[in-house]
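Engineer: Going down the list, the protein sequences come from chains A and B. Mapping the first sequence onto UniProt numbering, position 417 (from 1) lands on 417, and the numbers just tick up by one. Mapping the second sequence onto UniProt numbering, position 150 (from 1) lands on 150, and the numbers just tick up by one.
There are 2 protein chains.
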Amino acid sequence: MATQPDNYYDIVIVGAGPVGLMLSTCLSRWGYKIKHIDNRPEPTATGRADGIQPRSLDLLRNMGLKSAIMAHKPARVYEVAFWDPPKTGGGIVRTGTWPSCPEFIDARYPFTTLLHQGLIERVFIADLEKNGTEIQRPWTITGFTSDEKADPTYPVTVQLAHVDDSSKTETVKAKYLFGGEGARSFIRDQLKIGITHKDPISYVWGVMDGVVKTDFPDMKMKCTIHSEHGSIMVIPREANMVRLYIQIASSTDADFHPRKTATEEEVQAAAKRILAPYSIEWERVEWYSVYPIGQGISDKYTLDHRVFLGGDACHTHSPKAGQGMNTAFLDALNLAWKIHAVEGGLAERHILETYEPERKDVAETLLAFDNKYAKLFSQRPDAASTAQATASGVSHGNPDAKQSAEENEFIKTFKESCEFTSGYGVFYKPNALNYSSSHPASSASAAAEAANTTKLVPGRLFINSTVTRVVDANVVHLEQEIPLNGSFRLFIFAGSLTNPSQKTALESLAAGLSKPDSFFARFKRADIDSVSHHERHNPHSKFFTLATVFAAKRTEVEISRDLPELLARYRDNVYADDRWDRRVPDAKAAAHAKMGFDEEKGGVVVVRPDGYVGFVCKLEEGEKTVEALEKYFGAFISKQ
Amino acid sequence: MATQPDNYYDIVIVGAGPVGLMLSTCLSRWGYKIKHIDNRPEPTATGRADGIQPRSLDLLRNMGLKSAIMAHKPARVYEVAFWDPPKTGGGIVRTGTWPSCPEFIDARYPFTTLLHQGLIERVFIADLEKNGTEIQRPWTITGFTSDEKADPTYPVTVQLAHVDDSSKTETVKAKYLFGGEGARSFIRDQLKIGITHKDPISYVWGVMDGVVKTDFPDMKMKCTIHSEHGSIMVIPREANMVRLYIQIASSTDADFHPRKTATEEEVQAAAKRILAPYSIEWERVEWYSVYPIGQGISDKYTLDHRVFLGGDACHTHSPKAGQGMNTAFLDALNLAWKIHAVEGGLAERHILETYEPERKDVAETLLAFDNKYAKLFSQRPDAASTAQATASGVSHGNPDAKQSAEENEFIKTFKESCEFTSGYGVFYKPNALNYSSSHPASSASAAAEAANTTKLVPGRLFINSTVTRVVDANVVHLEQEIPLNGSFRLFIFAGSLTNPSQKTALESLAAGLSKPDSFFARFKRADIDSVSHHERHNPHSKFFTLATVFAAKRTEVEISRDLPELLARYRDNVYADDRWDRRVPDAKAAAHAKMGFDEEKGGVVVVRPDGYVGFVCKLEEGEKTVEALEKYFGAFISKQ
């Protein structure tokens, strides 16, 4: 590639909140040149979002950032408690509790992690610095144009200015522009993209972070408290802090005004009335803010697939379900790997067209759930249903507990809500990336080769499983074994180690992948001859990482004997499926069983770079497996 | 306390290897004034010890240092592989593998953590700096005296000098002097303490850390390789490194000389011959050293209980079992809390007399195991016995597996070895701190109140268990809930939540502890009236932390209703024993069951500050429980 002038960038990212930082971090790691600006002089000092949902923690771990987050000793919310006025008399009583992430969800971290947004931002910023990207502050965007005809490679021109000194300006050229500026997005406004309000009612919220002294017993749990004097939501935080949300006004109030406010003292006085007979005193208030908020969703996330929006610029909603930052992360992740696939030469440009539908659909679901969730909070059923709902699937002390047949509507809603809010229920609909019978490249034969399991569903997350790494006998979490490296992950569940037809199937697969015109061989690294033999995940291609899992004991597997050379090269990604799993207690090969694969025959799973299943097919002797994979990838990979 | 001159210290610590750093870190955290010197200009740059055994990782976690260690991405050894010459033909073949920490050991981290000693040292040094202790380098000790008659408070006088400039000297006074200077201890020599050699044979070892390219399949596992051309031990390391140990000479050789050496190239050539038919090439050698080593144990660890020795100054042995650093940590920990107990006013000075017998006994065991372990390595039994040994207790896929009745001698040795090397088998014999029927304060009635369980054994480690913290519903590891804070830990397993006699028993316990002359009340903090209500572990005393565990579901426990005020004050240390545990799959209250307590009646466990059980007694209505505790503590706490 020809050297470009200094003011040419792969992408200009506006806003260094969660969405901008996630996008910037991914693309910086994958070698892109980024202009990243933020109009604040420094990262978030106090307040703002604070909830990392279970699946987001998986994602942060997959990026190697989880331990830096956890080093701050965040609060962990395992349960939500409900407090209401008693049937007789005043005050409040606890009327129930629910797990944040019940056991029927197979989560590695069944809790919400609560930490000040600024600390989370700094973890990303430290990583960016390692990769040579700095955030330019306080700078803002003052204008932009996008014209692919005038310049097909760098179609975007962006004007930037210093926030405090408008004489300092820059004009830069870029392949992409990303607006992660929050709810009041300049880029969205310039594009004249409207906001649709799903719930016409808007609210004014007060939010207060501080350290309190109280005899209220659930101050270290998430609580929703309803009383005759109003309602409060309690969110525990790191360092003995607690966040209180209090609704100050609703557009349904007679005297509603979106600028209505309340002082710190007024909110504290209200909190005291609501919590009575319990006492509460503030030792310290770290942050206090009042802000109007309504449910809104951006009509478009992009107009030309060069200028994109994400995060709060696209969707706003109540803070109740703790979804803002998590949704922002996933917006950015979704876009990041697609830009990488296009700019790295793997994929056709049209895969960028899947960003808006995939993410807008999730935002629509989020807003619908936000309403449903609020409704759930107010119309809680009796204790029995709650217990049934939380226990469905695996319950304490009884690994064999079966899901109840008479699952009622409440339980269904509850489970869907928990799955969605945990992040494990977020899914993408069929398209070129998520196989279905209507997949662009589908054919009768491909369909026949496809899914031999109903457990792994294209568009849904790869299922968590624990296996033993052959090369060093480490017990590992399979879904974490391939880092967020921008690669498609091919997990080959090889089934039986001793059945000769399985061995032949592996050889057929390796032979097919090795053909010079295969989807795998066509995208080899330019530097393939100088790649270190220590390279674990990308020895052949930046876009594919292979892993093989045998339904066997670790000591039975001999990599040089049991795998064809191509797969053996990924020696650190060869696993024995020999760990007992409580969710499939009778399985001989628990990971195969959890995926829904036959323990003898296995199968192949293609996992998108963001951890969602793209395609599942049988592992068979002959050319069918590779043909099926070719058909899947053929729908979006570059023809050259 | 009167202010002392600047050159008065609580302790002078010589040597900043693992033993000195552990001692310094503990005492710095607990507020002691420390002079800590080391004769090296900076921490270990390369080489030296590198193995952290499973139980040591628990200890580092209990100190809040584990995540800093793991951030370096150490290698994890789960299995040991054995390679030998084949029955026919040349070369080597794998003849078996063993887990480093088999499942019959209830370990949280069933692997050995391998990391360069310098990185481990730096984790401690960073913690020391937070607490205001700096290591003075390169300084050495040139002389000392200890005379309790001349100065009963600061009996030790120490002369120090700069290593490179002997004109720079200091003379300091101290309560204690600690020699953690390694095998060639100046302090030990000055005290004229001899070394006893358990095994008269000494060896010369070569050790090489580096990055290799090899087709040897087990280079990421610990291996012992015997071939016609000699023997090697392989230890994987962080960052693709590997350590090779090779025996260069033995005092049984005809031409033995302890100064015998070998060049890097000679050792590499030997390694190539031994590993054939596999190939090995070095990309980089980080460290190479040759050193003579024999089994030796110091005859005394102290003469006057003012000047102490620990770590390699007290015991040397082969590196094979990876015990050096771990034993050093435990030497220091054992001494640290006893000094704290004495100097903080809790304990009589005679508890310091337990340091030498407790730790010397472990060193004797270590040396005996070092021999036994070496023997085990050379006389491996058939595969069936190995499988039986590793599976005993809980095995994969079958939580109900029972220990075989026909356990043979090999299996017994193997299990004891694994337990010992994992750290879980280290134990202390009965003395004033570890209750037995011959306990100094024992009486017929105390014995009757004592142990109502055979699972918890005084002098052995507290058993690991998982419970739910009531206040925030967090699922936690009970044994980690009280940090290494120098306090005795009183775990009150309260049994049934609903049985009125259990509630009465808790009230009796709280009443007894609250009496002004109780062991608990007599050692209250001087600043008790100004202690923050957020203080979790030491609201009343620096020497006692209380925790209560109910055999109930979390949602059933209401702290303010179910606990007497004294115990309720430790609200963050109240737990529900409601988590399923695979090791006791049928138990309703798994933690009670693992401890061997009746799920209705519970019991009380006193855990020493270092995590070893001191005393176990029944939880009963009336004064008996507190009387039993008084008798236990009465054997060593201060009479004032």
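Just so you know, even glycine gets a beta-carbon here, dropped at the ideal spot from N, CA and C.
To the nearest angstrom, report how far apart residue 66(A) and residue 124(A) are at their CA atoms.
Structural biologist: One C-alpha to the other measures close to 11 Å.
Engineer: Using a 10 Å radius around the Cβ and a threshold of 16 neighbouring Cβ atoms, would you call residue 53(A) buried or exposed?
Structural biologist: Label assigned to residue 53(A): buried.
Engineer: Please list, in chain order, the chain B residues whose beta carbon lies closer than 7 Å to that of residue 475(A).
Structural biologist: Chain B residues near residue 475(A): 78.
Engineer: With burial defined as no fewer than 16 other Cβ atoms inside 10 Å of the residue's Cβ, what is the status of residue 578(B): buried or exposed?
Structural biologist: Classification for residue 578(B): buried.
Engineer: Check whether the region 527–541 of chain A and the region 620–640 of chain A touch, using three or more Cβ-Cβ pairs below 8 Å as the test.
Structural biologist: Cβ pair count under 8 Å is below three, so no.
Engineer: Tell me which residues of the region 508–534 of chain A have at least one Cβ-Cβ distance to chain B shorter than 8 Å, keeping chain order.
Structural biologist: Going along the region 508–534 of chain A in chain order, one finds 533 and 534 with a Cβ nearer than 8 Å to chain B.
Engineer: Let me confirm a value: residue 201(B) is counted as buried when at least 16 other C-beta atoms fall within 10 Å, else exposed. Which label applies?
Structural biologist: The residue in question, residue 201(B), is exposed, as its Cβ has fewer than 16 Cβ neighbours within 10 Å.
Engineer: Taking the continuous beta strand (DSSP E) assigned at residue 603(B), which residues delimit it?
Structural biologist: Segment 603–607, the beta strand (DSSP E) holding residue 603(B).
Engineer: Verify whether the separation of the beta carbon atoms of residue 244(A) and residue 221(A) is less than 8 Å.
Structural biologist: No, the pair does not count as a contact, with Cβ atoms beyond the cut-off.
Engineer: Which of the three DSSP states is assigned to residue 463(B) in this structure?
Structural biologist: Three-state result, residue 463(B): coil.
Engineer: Mapping the DSSP letters down to three states, classify residue 469(B) as helix, strand or coil.
Structural biologist: Correct three-state label for residue 469(B): strand.
Engineer: Under a CB-based cut-off of 8 Å, is residue 404(B) close to chain A?
Structural biologist: Legend: pLDDT at residue 404(B) = 41, less than 50; position of this residue unreliable, value from coordinates given subsequently. No, its Cβ sits nowhere closer than 8 Å to a Cβ of chain A.
Engineer: Under the rule that 16 or more other beta-carbon atoms within 10 Å means buried, what is residue 25(B), buried or exposed?
Structural biologist: Classification for residue 25(B): buried.
Engineer: Looking at the C-beta of residue 400(B), does it have a partner C-beta in chain A at a distance below 8 Å?
Structural biologist: Confidence in residue 400(B) is poor, its pLDDT being 37 and thus under 50, which makes the residue's placement unreliable; the coordinate value appears in the next sentence. So no, residue 400(B) is outside the interface.
Engineer: Does the distance from the C-beta atom of residue 160(A) to that of residue 148(A) stay below 8 Å?
Structural biologist: Taking 8 Å as the Cβ cut-off, residue 160(A) and residue 148(A) do not qualify as a contacting pair.
Engineer: List the DSSP bridge partners of residue 170(B).
Structural biologist: DSSP, once it has assigned bridges, lists 160(B) as partnering residue 170(B).
Engineer: Inspect the beta-carbon positions of residue 559(B) and residue 217(A) and report whether they are closer than 8 Å.
Structural biologist: Contact: yes.
Engineer: Please list, in chain order, all residues of the same chain as residue 20(A) whose beta carbon is under 6 Å from its beta carbon, the five residues on each side excluded.
Structural biologist: Excluding sequence neighbours, residue 20(A) sits near 13 and 180.
Engineer: Using 8 Å as the threshold, is the C-beta distance between residue 237(A) and residue 75(A) below it?
Structural biologist: A contact, by the Cβ cut-off of 8 Å.
Engineer: Closest to residue 489(A) by CA distance: which of 499(A), 570(A) and 436(A) is it?
Structural biologist: Of the listed residues, the one whose Cα sits closest to residue 489(A) is 570(A).
Engineer: Residue ranges of each beta strand (DSSP E) run of no fewer than 3 residues wholly in the region 86–143 of chain A, ordered along the chain?
Structural biologist: Here the runs fully enclosed are 93–99 and 112–114.
Engineer: Return no unless some Cβ of chain A is closer than 8 Å to the Cβ of residue 559(B).
Structural biologist: Answer yes: the Cβ-Cβ gap between residue 559(B) and chain A drops below 8 Å somewhere.
Engineer: Which same chain residues end up closer than 7 Å to residue 289(B) when comparing Cβ atoms and leaving out the 5 residues on each side of it in sequence?
Structural biologist: So the list reads 47 and 207, once near-sequence residues are dropped.
Engineer: Whose C-alpha, out of 30(A), 41(A), 166(A) and 31(A), is nearest the C-alpha of residue 17(A)?
Structural biologist: Of the listed residues, the one whose Cα sits closest to residue 17(A) is 41(A).
Engineer: If I measure Cβ to Cβ from residue 574(B) and keep anything under 6 Å in the same chain, skipping five residues before and after, which residues do I get?
Structural biologist: Taken in chain order, the residues that qualify are 470, 548 and 559.
Engineer: Would you give the residue range spanned by the beta strand (DSSP E) that residue 209(B) belongs to?
Structural biologist: It spans 202–214 - the beta strand (DSSP E) in which residue 209(B) sits, taken as one unbroken run.
Engineer: So which of 3(B), 34(B), 4(B) and 29(B) has the shortest CA-CA distance to residue 10(B)?
Structural biologist: For the residues 3(B), 34(B), 4(B) and 29(B), the minimum Cα distance to residue 10(B) belongs to 34(B).
Engineer: Quick one, are the C-beta atoms of residue 205(B) and residue 278(B) less than 8 Å apart?
Structural biologist: No, the Cβ-Cβ distance between residue 205(B) and residue 278(B) is not below 8 Å.
Engineer: Suppose you measure from the CA of residue 597(B) to the CA of residue 114(B); what does that come to, to the nearest Å?
Structural biologist: Cα to Cα, the separation comes out at about 37 Å.
Engineer: Cα separation between residue 631(A) and residue 440(A)?
Structural biologist: Computed Cα separation, rounded: 9 Å.
Engineer: For residue 44(B), is the classification buried or exposed, using 16 other Cβ atoms within 10 angstroms of its Cβ as the cut-off for buried?
Structural biologist: Residue 44(B) should be labelled buried.
Engineer: Assuming residue 101(B) and residue 418(B) make a contact with CB atoms under 8 Å, what is their CB distance in whole Å?
Structural biologist: 6 Å between Cβ atoms; contact.
Engineer: Have a look at residue 399(A) and residue 600(A) and give me their C-alpha separation to the nearest angstrom.
Structural biologist: Legend: pLDDT at residue 399(A) = 36, less than 50; position of this residue unreliable, value from coordinates given subsequently. Roughly 25 Å separates the two Cα atoms.
Engineer: Give me whichever residues DSSP pairs with residue 145(A) in a beta bridge.
Structural biologist: In DSSP, residue 145(A) forms a bridge with 157(A).
Engineer: For residue 77(A), which residues from the same chain have a beta carbon less than 7 Å from its beta carbon, with the 5 sequence-adjacent residues on both sides left out?
Structural biologist: Here the set comprises 100, 111, 112, 114, 221, 222 and 236.
Engineer: Going along chain A in order, which residues have a C-beta closer than 8 Å to the C-beta of residue 240(B)?
Structural biologist: Under the 8 Å cutoff, chain A gives 534.
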